[in-house]
Amino acid sequence: MDLLSRLTELDKNILRKSWSVVSRDKEALATDIFQMIFEQAPDAKLMFSFMLKEKKDDLSKPSSEFTFHALRFIQIIESTVTFLETPEKVDPLLLNLGKLHARHEEQLGFRSHYWSVFKECTLFHFRKSIRADKRLNKRTMDSREIDSAIILWREVLTFIVDRMNQGLEANGLIRKANKDLLAEQRDRDENGSPYGSLSSGWSGATEKSITQISHMLRRTELSAIVPEYFLRRRSDGSIHDEVFS
1 MDLLSRLTEL DKNILRKSWS VVSRDKEALA TDIFQMIFEQ APDAKLMFSF MLKEKKDDLS
61 KPSSEFTFHA LRFIQIIEST VTFLETPEKV DPLLLNLGKL HARHEEQLGF RSHYWSVFKE
121 CTLFHFRKSI RADKRLNKRT MDSREIDSAI ILWREVLTFI VDRMNQGLEA NGLIRKANKD
181 LLAEQRDRDE NGSPYGSLSS GWSGATEKSI TQISHMLRRT ELSAIVPEYF LRRRSDGSIH
241 DEVFS
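Mapping the sequence shown onto UniProt numbering, position 243 (from 1) lands on 243, and the numbers just tick up by one.
What follows is the structure in structure tokens.
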């Protein structure tokens, strides 16, 4: 079942409300996240040519290339928020990014654990940004609602990573099939065998399904993801959904 298809209307409202807060200064948010990623996984710098131009271990004044790439990352999240109702529309973007990372995996040594680092760094700065926003108060968005937002953002980021990973794996299969076919052809040429069909074994890679379309009945509870505890007011224990309407 698609992760985003589990979101209720309340979930989506929480995501949109929190996004309106964290996205007020996209450039600062983006650079903060990427700086933390490189602090937590320094070897990830090898994935980005512009990092070779940065002063060693000094990201206090990131270059325009650094900022540009960081903002592209934020735009991916923004696109996912835009298509919460129809998440399949963002599939092509995420799958293509996965294919790009497959090339990085082969050429630059991309490691899948970078995605876990990306998720945790993003969640850290999302929470920090929400808590630091002076326009919010306990009546507008209390601590439990902030916790609810972070729980939901973990789901959204997991969706993004899962889709990119599908693109990476599919592209990896195609690349492997290409290598196997070339190796087979070299063997034939060296052994003087007749030219065989180069299409054998190809269909398995190219026909592998990238996405699944599932139409499930919406669940009726307020949220299928966030524990009800976080959606209740401390004062009277009533469900608090009017804030997000």
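We put the CB at the ideal spot given by N, CA and C, even for glycine.
Annotation: the continuous alpha helix (DSSP H) that includes S116 extends over 113–132. By the Cβ neighbour-count rule, E145 is buried, with 16 or more other Cβ atoms within 10 Å of its own. Going by beta carbons, L231 and S143 fall outside the 8 Å limit. Of I151, A44, P92, S63, the smallest CA-CA separation from I14 is found for I151. Look at A41 here: in three-state DSSP terms it is coil, with no helix or strand label. In the structure shown, I76 falls within a helical segment according to DSSP collapsed to helix, strand and coil.
In terms of Cα proximity to I76, the closest of S23, L181, P62 is S23. Cβ-Cβ distances below 8 Å link K99 to G167, L168, A170, N171 in the same chain, with the five nearest sequence neighbours on each side left out; the list follows chain order. The segment 62–78 makes contact with the segment 29–49, as at least three CB pairs between them are under 8 Å. DSSP places V226 outside both helix and strand once states are collapsed to three, so it counts as coil. For the set F159, L95, S79, the Cα lying nearest the Cα of F118 is the one of F159. If you draw a 10 Å sphere on the C-beta of R163, you find 16 or more other C-beta atoms in it, and that means buried. A distance of 8 Å or more separates the beta carbons of P92 and D2. For L84, no alpha helix (DSSP H) run applies, since DSSP gives it neither H nor E. Counting along the chain, the unbroken alpha helix (DSSP H) around S18 starts and ends at 9–22. By the C-beta density criterion, A44 is buried, having at least 16 other C-beta atoms within 10 angstroms. Note on geometry: alpha-carbon atoms of T122 and I130 lie some 12 Å from one another.
Of the residues assessed, S223 falls on the buried side of the cut-off, its CB having 16 or more other CB atoms within 10 angstroms.
Restricting attention to Y114, F124, L97, S63, the CA atom closest to the CA of P42 is found in Y114. For the pair V81 and W19, the CB atoms are nearer than the 8 Å cut-off.
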